[in-house]
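2 protein chains.
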Amino acid sequence: MKIRPATDADRDAIWNIFHEVVAAGDTYALDPNISREDALAYWFAPGTHTYVAEEDAAGDGVAVPEKPTACPTIIRARQILGTYILRPNQLGGGSHVANAGFMVSASARRQGLGRALAEHCLSEAHRLRFRAMQFNYVISTNTAAIRLWQDLGFEIVGTLASAFRHPDKGYVDVYVMYRSLL
Amino acid sequence: MKIRPATDADRDAIWNIFHEVVAAGDTYALDPNISREDALAYWFAPGTHTYVAEEDAAGDGVAVPEKPTACPTIIRARQILGTYILRPNQLGGGSHVANAGFMVSASARRQGLGRALAEHCLSEAHRLRFRAMQFNYVISTNTAAIRLWQDLGFEIVGTLASAFRHPDKGYVDVYVMYRSLL
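Going line by line, the protein sequences match chains A and B.
Per the numbering used here, the very first residue in the first sequence carries number 15; after that it's consecutive.
Per the numbering used here, the very first residue in the second sequence carries number 15; after that it's consecutive.
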């Protein structure tokens, strides 16, 4: 598995993951019916660093043409499994604090991909000289994410009472999580 | 003093106040060099309710023309003293929590205008059926604002350590403030 900056060629794969995550409506406060255009404008916004996690190339193959003189075609089997963004959480005097957002394809969950993305993200945030990282909106029912962030040194620094309307559980609390990078 | 929804005719006055507040760089995490276009796009964004506070009409006058047959011109002396925005803080499952932002002209401060705007804003938030209001980014050195919000029932529910680089005071804490509207 390789994590690298996203390119325009990743837009379809990112939209597939984005749509799947947002349509579920239980982890992000975004319109579940957001359009592809708005979603990609958000994920590739100016000032935002966008990354993807790509499967190893083990599945790559070569289609051998019937005519022996024709050029063989490389079949790229590498699949995008997840994506994250890293950006300043605020502008002006707040631009030294990073914000990040993570999305993993449902088919690739429970395999440590979230942790790999998060560790890559923290390393990038250090490289880009951010002094802290903030998650503005961690829904309290998203216990896997909360455990992961706590494991990586984030603390719950704020609780927003009943700030999220969960599709199954009704109004639930939301956490603000924060970690110094110094 | 009258508080009313902003119109396109208020854009110049709003930009004057916005520019003055943001250029000071000590209360908002916005680019102090933000352009007029970007500032007004932010203040009049889709889904955002924008209001202005206008001086009473006492100063209105009539310019009497020299020719007695010409039509007199009404001189509008009403000045915009402050402005605020009210909007959902998040989309999707978070859209029942309001967010607001306030700006008062330097020449109109310490006269209770901030409180009048805030009370108007809470009343509008009730009318629009928001269930809570959140301020994401109250800079800890902005003690007048913090006192006002606390007086109006808001609580500090989160502290972001050194999240703002103050132009004079260096890195200072930022508060998340929250109030139920139920």
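A virtual CB, placed ideally from N, CA and C, is assigned to each residue, including glycine.
query	result
Host alpha helix (DSSP H) of E133/B (start-end)	127-141
Closer than 8 Å to chain A by CB, Q104/B	yes
Beta-carbon spacing of I99/A, H134/A below 8 Å	no
Rounded separation between G96/A and L131/A - CA only	8 Å
CB contact check: S176/A to chain B, cutoff 8 Å	yes
Span of the alpha helix (DSSP H) around N30/A	25-38
Y56/A at chain B interface by Cβ criterion, 8 Å	no
Whole-number beta carbon distance between A112/A and A139/A, since they are thought to touch under 8 Å	5 Å
Where R124/B falls: helix, strand or coil (DSSP)	coil
Boundaries (first-last residue) of the alpha helix (DSSP H) holding E51/A	50-57
CB contact below 8 Å: L44/B versus chain A	yes
Secondary structure of Q164/A, DSSP reduced to three states	helix
Bridge-paired residues (DSSP) for Y185/B	R179/B
Cβ contact check for the region 136-156 of chain B and the region 175-189 of chain B: 3 or more pairs under 8 Å	yes
Coarse secondary structure for C106/B, derived from DSSP in three states	In the sequence as presented, Cys is not what sits at residue 106/B; that position holds Gly. G106/B: helix per DSSP, three-state reduction.
A175/B vs S109/A beta-carbon contact at 8 Å	no
Whole-angstrom distance between A159/B and R124/B, CA atom to CA atom	11 Å
Proximal residues to T173/A (C-beta, below 7 Å), its chain only, five neighbours per side dropped	D187, Y189
Below-8 Å beta-carbon distance, Y98/B vs any chain A residue	no
Nearest candidate by alpha-carbon position, reference A43/A, set N103/B, I17/B, A146/B	N103/B
CA-to-CA distance, V36/A to N47/A, given in whole angstroms	8 Å
Counterpart residues of Q93/A in DSSP-defined beta bridges	According to DSSP, which records beta bridges pairwise, Q93/A is partnered with nothing at all.
Given I28/B as reference, the closest of M147/B, Q93/B, G39/B, A177/B once Cα atoms are compared	Q93/B
E34/B versus S119/B - alpha carbon distance	7 Å
Selection from S121/B, R129/B, A59/B, R101/B that minimises the alpha carbon distance to L142/B	R101/B
Buried or exposed by the 16-neighbour rule on C-beta atoms within 10 Å, applied to N156/B	buried
Residue of G167/A, S137/A, A122/A minimising C-alpha distance to E69/A	A122/A
Whole-Å CB distance - R179/A paired with G107/B, under 8 Å assumed	4 Å
Whole-Å CB distance - Y65/A paired with I17/A, under 8 Å assumed	6 Å
When L105/A, S49/A, A67/A are compared against D45/B, the one with the closest alpha-carbon	L105/A
The region 137-164 of chain B: positions lying closer than 9 Å to chain A by Cβ	R145, A146, Q148, N150, Y151, I153
For F144/B, the first and last residue of its enclosing beta strand (DSSP E)	Counting along the chain, F144/B falls outside any beta strand (DSSP E), and DSSP gives it neither H nor E.
Contact under 8 Å by Cβ, L162/A with A67/A	no
G167/A versus T41/B - alpha carbon distance	29 Å
Neighbour flag for V35/A against chain B, beta carbons, 8 Å	no
Rounded C-alpha distance that separates A53/B from D26/B	11 Å
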